[in-house]
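J.: If you're matching them up, the sequences are chains A and B in order.
Read in order, the letters of the first sequence are residues 152 to 554 in the working numbering.
Read in order, the letters of the second sequence are residues 152 to 554 in the working numbering.
Next up is a structure, given as structure tokens.
Protein chains: 2
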Amino acid sequence: MKQVIGGVTAPRGFLAAGLSAGIKQSGKPDLALIYSLLPCIASGVFTVNKMKAAPVLVSIEQITKAPSIQAIIANAGNANCATGKQGLCDAWKMVELTAEELDLLSSQVLVTSTGSIGKMLPMERVTRGIKHVVKRLSPKGGMQAARAIMTTDKLPKEISYRVSIGKQSFVIGGIAKGSGMIAPQMNLPHATMHAFITTDAAIDKKLLDPVLQKATEDSFNMVTVDNEMSTNDCVFVLANGMSGVKITKQHGLKEFKEALRAVCIYLAKLIAQDGEGANRLIEVSVKGAKNFKDARTVAKTVAGSELFKTAVFGGDPNFGRILSSAGASGAMFDPQKLIVQIGNVVLFKRGESFAKNQRKAEKFLRKKEVSVALDLGLGTGEAVAWGCDLSYDYVTINAKYHT
Amino acid sequence: MKQVIGGVTAPRGFLAAGLSAGIKQSGKPDLALIYSLLPCIASGVFTVNKMKAAPVLVSIEQITKAPSIQAIIANAGNANCATGKQGLCDAWKMVELTAEELDLLSSQVLVTSTGSIGKMLPMERVTRGIKHVVKRLSPKGGMQAARAIMTTDKLPKEISYRVSIGKQSFVIGGIAKGSGMIAPQMNLPHATMHAFITTDAAIDKKLLDPVLQKATEDSFNMVTVDNEMSTNDCVFVLANGMSGVKITKQHGLKEFKEALRAVCIYLAKLIAQDGEGANRLIEVSVKGAKNFKDARTVAKTVAGSELFKTAVFGGDPNFGRILSSAGASGAMFDPQKLIVQIGNVVLFKRGESFAKNQRKAEKFLRKKEVSVALDLGLGTGEAVAWGCDLSYDYVTINAKYHT
Numbered sequence: 152m153k154q155v156i157g158g159v160t161a162p163r164g165f166l167a168a169g170l171s172a173g174i175k176q177s178g179k180p181d182l183a184l185i186y187s188l189l190p191c192i193a194s195g196v197f198t199v200n201k202m203k204a205a206p207v208l209v210s211i212e213q214i215t216k217a218p219s220i221q222a223i224i225a226n227a228g229n230a231n232c233a234t235g236k237q238g239l240c241d242a243w244k245m246v247e248l249t250a251e252e253l254d255l256l257s258s259q260v261l262v263t264s265t266g267s268i269g270k271m272l273p274m275e276r277v278t279r280g281i282k283h284v285v286k287r288l289s290p291k292g293g294m295q296a297a298r299a300i301m302t303t304d305k306l307p308k309e310i311s312y313r314v315s316i317g318k319q320s321f322v323i324g325g326i327a328k329g330s331g332m333i334a335p336q337m338n339l340p341h342a343t344m345h346a347f348i349t350t351d352a353a354i355d356k357k358l359l360d361p362v363l364q365k366a367t368e369d370s371f372n373m374v375t376v377d378n379e380m381s382t383n384d385c386v387f388v389l390a391n392g393m394s395g396v397k398i399t400k401q402h403g404l405k406e407f408k409e410a411l412r413a414v415c416i417y418l419a420k421l422i423a424q425d426g427e428g429a430n431r432l433i434e435v436s437v438k439g440a441k442n443f444k445d446a447r448t449v450a451k452t453v454a455g456s457e458l459f460k461t462a463v464f465g466g467d468p469n470f471g472r473i474l475s476s477a478g479a480s481g482a483m484f485d486p487q488k489l490i491v492q493i494g495n496v497v498l499f500k501r502g503e504s505f506a507k508n509q510r511k512a513e514k515f516l517r518k519k520e521v522s523v524a525l526d527l528g529l530g531t532g533e534a535v536a537w538g539c540d541l542s543y544d545y546v547t548i549n550a551k552y553h554t
Numbered sequence: 152m153k154q155v156i157g158g159v160t161a162p163r164g165f166l167a168a169g170l171s172a173g174i175k176q177s178g179k180p181d182l183a184l185i186y187s188l189l190p191c192i193a194s195g196v197f198t199v200n201k202m203k204a205a206p207v208l209v210s211i212e213q214i215t216k217a218p219s220i221q222a223i224i225a226n227a228g229n230a231n232c233a234t235g236k237q238g239l240c241d242a243w244k245m246v247e248l249t250a251e252e253l254d255l256l257s258s259q260v261l262v263t264s265t266g267s268i269g270k271m272l273p274m275e276r277v278t279r280g281i282k283h284v285v286k287r288l289s290p291k292g293g294m295q296a297a298r299a300i301m302t303t304d305k306l307p308k309e310i311s312y313r314v315s316i317g318k319q320s321f322v323i324g325g326i327a328k329g330s331g332m333i334a335p336q337m338n339l340p341h342a343t344m345h346a347f348i349t350t351d352a353a354i355d356k357k358l359l360d361p362v363l364q365k366a367t368e369d370s371f372n373m374v375t376v377d378n379e380m381s382t383n384d385c386v387f388v389l390a391n392g393m394s395g396v397k398i399t400k401q402h403g404l405k406e407f408k409e410a411l412r413a414v415c416i417y418l419a420k421l422i423a424q425d426g427e428g429a430n431r432l433i434e435v436s437v438k439g440a441k442n443f444k445d446a447r448t449v450a451k452t453v454a455g456s457e458l459f460k461t462a463v464f465g466g467d468p469n470f471g472r473i474l475s476s477a478g479a480s481g482a483m484f485d486p487q488k489l490i491v492q493i494g495n496v497v498l499f500k501r502g503e504s505f506a507k508n509q510r511k512a513e514k515f516l517r518k519k520e521v522s523v524a525l526d527l528g529l530g531t532g533e534a535v536a537w538g539c540d541l542s543y544d545y546v547t548i549n550a551k552y553h554t
């Protein structure tokens, strides 16, 4: 597996574009389109929030029913959530307009939105935007699309890899956005983070769905910026088969799984790293949990701990906050068996604190990636979660991100 | 029920004191003692955190086994948590020293600690402090004790009421501390908030236990400052019977329940209001939930939402964050039946947003008590939760509260 350039337009046959349609007041890019020259097998995972945005409801219906997908239209600056019947009509209209301009069936288009909740989309601008963005589609448009789906993100997020299977190879690429309201829990047809992944491998939906679900569970679902599950989170994979590599249980599945997982984890870490106000990525690794579920629970609870996140911002190796948070997580837990490290410094081991090691741990808090490890000593459950520090800037961004 | 002065020393036969034993580096008061002239029936609820501090383990054992309790010794500045066997010895030593100085059985003393995790108590100072604090016991010492249990609290917290039952009356009073690491979940023998409640009513333990559990569930367990369940939370009630009023199922139980609940809710709201960095109390009232559990879940999730708390700090009636948080809570939820208000302003009603009402809602965000109401329209479950805004000061306090 080798990193290549291009993001979602790295795989063969994918075009993309992004532009400013005037949905954001700032005039920054806010409308993205991804298009495949051939129909794609598609899989999607969606937020489990019961307050689902209109485009989420529409894309769930599309992905459940449509035999193939060929485009994703995505706007930023307005979440089209809590917008009632009109909002639902607007989401369908985005689908239909895009299909019309691309000469597709309306069943072949997915739609997403991200931004403020509770406001109607400026449909005149969206309509004009869709007409323009179609004209700008380009095999080099991946980064443009990555920019046009940003909200409070500081950086666009993209990655692509070429994966070899014997003498054959396919390409997989992805873009993502997400900075605040990040604690996704996504399930198959059913994260506001968005990730759009494209590949020129060929794969059946029956194989693709579980691979995406598992990759999501180990990546996006293990990220938390602020413990806020959004109304609009979603991840899509489009596979157009144009590499000529057919993934089957017997051929290439292991490589495909690894590649999709790598794309998802890379993008998930970028989201945590670019969390609102974040200065540092926090990686919490848990092992020795009673089971996988407990491992996930502890890792995500510690990564989301407001007190620990603030301690990291302050450069304070306050392992007491790790202990308290892990103990409160609800997972099976025995202080007498627990080992806690920051970097490679042990701060708590089987019932006893090593407070004198805190000085040594401080240097690991100055790194851009702060690693915390917990060994629960109870079983074989392992998980990794990603978060970020809680800074003044998080407060500034969210006190001033006016509705 | 009439408010009276005195806090924990308002009921007959209770003495209290507080002083600086030198546990806090600041030199502020850090050791409190509450003492009853007669043995008390006692009930306690404790954090369900699996990383319980040593004094929590000791007090659970005491309250489970001892037929009567006569004193509570409580220090601030050090949580005596994650301190291993030595920490457990130290907690027992605090109990024994207090019993010795007061000429009690060691089974008659409860102990609590609050402060940093992972450091050993300075036992020489604690020992000297216990000897001194016993000498300062006074029937007017309630406020001294309230001050000596504070950590990052800005204000001491106390309340007392006289309750009439026909021609008789009893007094109930309480003190509490808690500002950060506040999202208690406490159960009978089994919150770092502390609340110590005294009464001169007489009541059997069998009656008192469920009354305390219910009052805790509706008060302290519904408070969140930072979604952090502490290792040291506990609430104690001591009833010495010196008013001559005997509470039974047939006599006074309703009044006693109301009074204990009023004390708990008063103190719980003070904790939220004095949350670290807080400028405003947020009260989230939920009705129409499928059941009581769902109502509690929604109320506490919204009250704890980092994004909504930051919006309140910014004076932004961002009801989208209320919707998203309620939808993510896991409770049964239907946007088509939901009504959301800030103050008396409806912002969302049965699927439709009223974004134009946001201006009107702004004035309710400038009040010291911000009230949010959700009607889920599904059933009869009701609950109220309390939280506070998330400000720059929360970050400052916790980035600098060094271990």
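The beta-carbon is built from N, C-alpha and C at its ideal position, and this holds for glycine as well.
1. From the DSSP secondary-structure annotation, give me the bridge partner or partners of ASN338(B).
2. To the nearest angstrom, how far is the alpha carbon of SER542(A) from that of SER370(A)?
3. Of the choices ALA167(A), LYS328(A), GLN424(A), whose alpha-carbon is the least far from that of ASN383(A)?
4. Please state the DSSP three-state secondary structure of ARG501(B).
5. So if I threshold CB-CB distances at 9 Å, which residues from the stretch 302–319 of chain A count as touching chain B?
6. For MET245(B), go through chain A and note every residue whose CB falls closer than 8 Å to its CB, in chain order.
7. Any idea which residues DSSP pairs GLU434(B) with across the strands?
8. Can you tell me which residues form a DSSP beta bridge with PHE347(B)?
9. Let me check one thing: in DSSP terms, what residues is SER289(A) bridge-paired to?
10. Along the chain, where does the beta strand (DSSP E) that runs through GLU251(B) open and close?
11. Can you list, in chain order, the residues of the stretch 220–249 of chain B whose Cβ is nearer than 9 Å to any Cβ on chain A?
12. For GLY228(B), write down the residues that DSSP places opposite it in a beta bridge.
13. In whole angstroms, what is the alpha-carbon distance linking ALA536(B) and ASN442(B)?
14. Exposed or buried, which one is ILE224(B) when buried takes at least 16 other CB atoms within 10 Å?
15. Mind pulling the chain B residues with CB within less than 8 Å of LYS210(A)?
16. Against chain B, with Cβ distances strictly below 8 Å, would THR461(A) count as a contact?
17. Name the chain B residues that come within less than 9 Å of LYS519(A), Cβ to Cβ?
18. Quick check on ALA450(B) - is its C-beta less than 8 Å from some C-beta in chain A?
19. How is GLY173(A) classed by DSSP in three states: helix, strand or coil?
20. Which residue from LEU255(A), CYS415(A), ASP467(A), CYS232(A) puts its Cα closest to that of SER267(B)?
21. Compare the C-beta of ALA477(B) with all C-beta atoms of chain A and state if any pair is closer than 8 Å.
22. From ALA183(A) to ALA299(A), what does the alpha carbon distance come to, in whole angstroms?
23. According to DSSP, is LYS511(B) helix, strand or coil?
24. Does PHE464(A) have its Cβ less than 8 Å from a Cβ in chain B?
25. Can you list, in chain order, the residues of its chain whose CB lies under 7 Å from that of GLY178(B), leaving out five sequence neighbours each side?
26. Give the single residue among LEU253(A), PRO290(A), VAL209(A), ASP254(A) whose Cα lies nearest to the Cα of LEU261(A).
27. Would you list the one or two residues that DSSP bridges to PHE321(A)?
28. So VAL196(A) packs on GLY324(A), CB below 8 Å; how close in whole Å?
29. Any contact of the stretch 237–251 of chain B with the stretch 414–424 of chain B, i.e. 3+ C-beta pairs under 8 Å?
30. Starting from GLN492(A), trace the alpha helix (DSSP H) both ways and give me its first and last residue.
31. Does any residue of chain A bring its CB to less than 8 Å from the CB of PHE470(B)?
32. What does PHE484(A) touch in chain B if you count any residue whose Cβ is under 8 Å from its own?
33. With DSSP as the reference, label LEU516(B) as helix, strand or coil.
34. Out of ILE433(B), LYS500(B), ALA550(B), VAL521(B), point me to the one whose CA is closest to VAL376(B)'s CA.
35. So, with DSSP's three-state summary, where would you put VAL159(B)?
36. Comparing the C-beta of GLY502(A) with each C-beta of chain B, is any distance below 8 Å?
T.: Per the coordinate set shown:
1. PHE197(B)
2. 24 Å
3. LYS328(A)
4. coil
5. none
6. Those within 8 Å of MET245(B) in chain A number zero; the least Cβ separation is about 19 Å.
7. SER522(B), TRP537(B)
8. ILE326(B), PHE387(B)
9. ALA167(A)
10. That residue, GLU251(B), is in no beta strand (DSSP E); its alpha helix (DSSP H) goes 235–253.
11. ALA230, CYS232, ALA233, THR234, GLY235, LYS236, GLN237, GLY238
12. GLY266(B)
13. 15 Å
14. buried
15. One detail in the question is off: residue 210(A) reads as Ser in this sequence, not Lys. Here the premise fails: no neighbours, minimum Cβ distance about 17 Å.
16. yes
17. Near LYS519(A) there are no residues of chain B at all, since even the closest Cβ is about 18 Å away, more than 9 Å.
18. no
19. coil
20. ASP467(A)
21. yes
22. 5 Å
23. helix
24. yes
25. SER171
26. VAL209(A)
27. VAL314(A)
28. Rounded, the Cβ-Cβ distance is 18 Å, inconsistent with contact.
29. no
30. Element bounds for GLN492(A): not the alpha helix (DSSP H) but the beta strand (DSSP E), 490–493.
31. yes
32. LYS201, MET202
33. helix
34. ILE433(B)
35. helix
36. yes
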